[in-house]
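Numbering (UniProt numbering), first residue to last: 1 to 240. Built from N, CA and C at the ideal position, the CB exists for glycine as well. Source: prediction; values computed, not measured. Notes follow once the structure below has been shown.
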């Protein structure tokens with residue numbers, strides 16, 4: 001082939017030292033040709049196979065695994081922490097779902113118990129009218145088929161003729177306040193109602209019950225049908 005271009009000469013080194021000193025000649029520095037050849041098509045030099053093998057082994061030894069060091073290791077740790085958080089949230093959500101399922105199960109059981117109780121009460125309620133009808137039948141047979149109001153009136157008239165008497169003296173009503181008088185009128189109403197429903201009633205007597213007095217006005221105002229009460233009314237005192 002053609003001869004290569006001769007290597008360039010290195011520039012002379014600058015002179016140093018004291019004046020008048022003559023430096024020796026500068027050594028020549030040879031430039032080795034590159035592996036790919038010199039400037040204009042030099043012959044390439046092939047590397048030995050041994051050096052290539054050594055270089056490959058060095059590269060293999062210097063290779064860094066992603067799991068041992070470097071930024072990937074930090075990412076792996078973050079991923080591990082993230083995975084733990086996800087697992088913790090998942091376990092908490094599973095507990096919440098389990099609690100909800102337990103609550104729904106209890107609600108269904110309570111609903112079934114209420115339905116069963118309601119059906120039992122309906123059955124008992126269906127039996128009560130039959131029992132009530134039988135009881136009313138026995139009551140009609142015992143009273144001769146008379147209405148309760150007529151029977152109560154008959155009992156009160158019997159008590160007036162030959163029964164015990166109960167006297168309520170109202171002589172101190174004039175010394176009562178308006179509120180106390182209203183309470184007394186209400187008590188008279190309850191007394192008459194309880195006596196009217198009794199099997200053996202008393203014959204009631206209201207003494208010192210003067211027309212136009214405050215207790216008189218309150219009894220007519222608070223008690224509907226007071227004028228139809230089957231009682232004895234007198235404006236005289238029982239103790240005079």
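What first and last residue would you give for the alpha helix (DSSP H) that runs through residue 181?
178-197
Can you tell which of 185, 228, 205 has the C-alpha that lies nearest to the C-alpha of residue 218?
185
Tell me the DSSP secondary structure of residue 169 in three-state form.
strand
Is residue 86 helix, strand or coil by DSSP?
helix
Measure the C-alpha to C-alpha separation of residue 55 and residue 90 and round it to an integer number of angstroms.
C-alpha separation (whole angstroms): 51 Å.
With 16 other Cβ atoms within 10 Å as the buried cut-off, status of residue 177
exposed
Taking three-plus beta-carbon pairs below 8 Å as touching, is the segment 149-164 in contact with the segment 106-122?
no
Give every residue of the same chain whose Cβ lies closer than 6 Å to the Cβ of residue 220, excluding the five residues on either side of it in the sequence, and list them in chain order.
226
To the nearest angstrom, how far is the alpha carbon of residue 170 from that of residue 116?
Roughly 57 Å separates the two Cα atoms.
In terms of alpha-carbon separation, which member of 187, 165, 192, 168 lies closest to residue 242?
The question about residue 242 has no answer, for the chain in this structure spans 1 to 240.
Name the two residues that bound the continuous beta strand (DSSP E) containing residue 204.
203-207
How is residue 231 classed by DSSP in three states: helix, strand or coil?
coil
Candidates 198, 173, 201: closest to residue 216 by CA position:
173
Buried or exposed, going by whether 16 or more other CB atoms sit within 10 Å of the CB of residue 87?
exposed
Taking DSSP as the reference, what is the three-state secondary structure of residue 213?
coil
Identify, in the order they occur along the chain, each residue of the same chain with its Cβ nearer than 8 Å to the Cβ of residue 211, setting aside the five sequence neighbours on each side.
235
Would you mind working out which of 147, 104, 165 sits nearest residue 207, comparing C-alpha positions?
165
Let's see if you can read the secondary structure: which residues bound the alpha helix (DSSP H) around residue 147?
Taken as a continuous stretch (DSSP letters only), residue 147 belongs to no alpha helix (DSSP H), as it is neither H nor E.
Of the listed residues 238, 229, 228, nearest to residue 168 (C-alpha basis):
238
Determine, using beta carbons only, whether residue 183 and residue 223 come nearer to each other than 9 Å.
Cβ atoms of residue 183 and residue 223: not closer than 9 Å.
Measuring CB to CB, does residue 202 end up less than 9 Å from residue 163?
yes
Work out the CA separation of residue 119 and residue 229 for me, nearest whole Å.
45 Å
Give the straight-line distance between the Cα atoms of residue 197 and residue 114, rounded to the nearest whole angstrom.
38 Å
From 181, 84, 92, pick the residue whose C-alpha is nearest to that of residue 213; which is it?
181
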